[in-house]
Amino acid sequence: RRLVKLRSLLSALFTCTPTLVAVVMLAASTYAYRTPLTLKTAMTVLATVNLLRSPLVFLPLVLQSLQEASLSFGRMASFLRLPESTPLPGNDLAEVGVAFHAATLQWPSDAASGSGDGSGGDASGGDFSGGD
Numbered sequence: 047r048r049l050v051k052l053r054s055l056l057s058a059l060f061t062c063t064p065t066l067v068a069v070v071m072l073a074a075s076t077y078a079y080r081t082p083l084t085l086k087t088a089m090t091v092l093a094t095v096n097l098l099r100s101p102l103v104f105l106p107l108v109l110q111s112l113q114e115a116s117l118s119f120g121r122m123a124s125f126l127r128l129p130e131s132t133p134l135p136g137n138d139l140a141e142v143g144v145a146f147h148a149a150t151l152q153w154p155s156d157a158a159s160g161s162g163d164g165s166g167g168d169a170s171g172g173d174f175s176g177g178d
């Protein structure tokens with residue numbers, strides 16, 4: 047939800063940036079020199095803004111990319127801080143493996159099923175048997 051709000055704000059900023067910069071530069075020029083705004087001053091400021099237009103157009107995109115990268119790095123960091131594995135209580139495995147308790151498993155024995163070697167089998171009640 048926060049990302050959607052930021053994207054909409056950056057999209058609005060993306061559209062308005064060149065115009066806002068021109069207005070701010072005209073106001074700053076008038077305020078700094080304490081002179082009325084003349085055509086010569088306005089054209090000079092607008093020409094400068096026009097030169098800066100393409101870099102200013104990409105500024106919101108860069109800000110959006112930085113925000114998305116920050117979010118992604120935060121997610122990766124929280125994932126990488128998770129413990130490697132959680133030991134399950136009540137299993138009798140000495141090393142990494144799979145334990146089945148009171149499970150029934152079946153798989154086909156024909157080669158067309160994709161098992162690769164044509165063997166099948168079943169396991170039930172804690173016993174395992176490989177079939178032909």
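Count along the sequence shown from 1, add 46, and you get the number used in our numbering. C-beta: ideal position from N, C-alpha, C; glycine also.
- Contact check for Pro129 and Val95: beta-carbon distance about 54 Å, past the 8 Å limit, so the pair fails to qualify.
- By the CB criterion at 8 Å, Leu59 and Pro106 fall inside the cutoff.
- Taken through DSSP and simplified to helix, strand or coil, Thr65 comes out as helix.
- Its Cα nearest to that of Leu52, the residue Leu112 stands out among Leu112, Glu141, Pro154, Tyr79.
- By the Cβ neighbour-count rule, Ala149 is exposed, with fewer than 16 other Cβ atoms within 10 Å of its own.
- Where Thr150 is concerned, the enclosing beta strand (DSSP E) starts and stops at 150-153.
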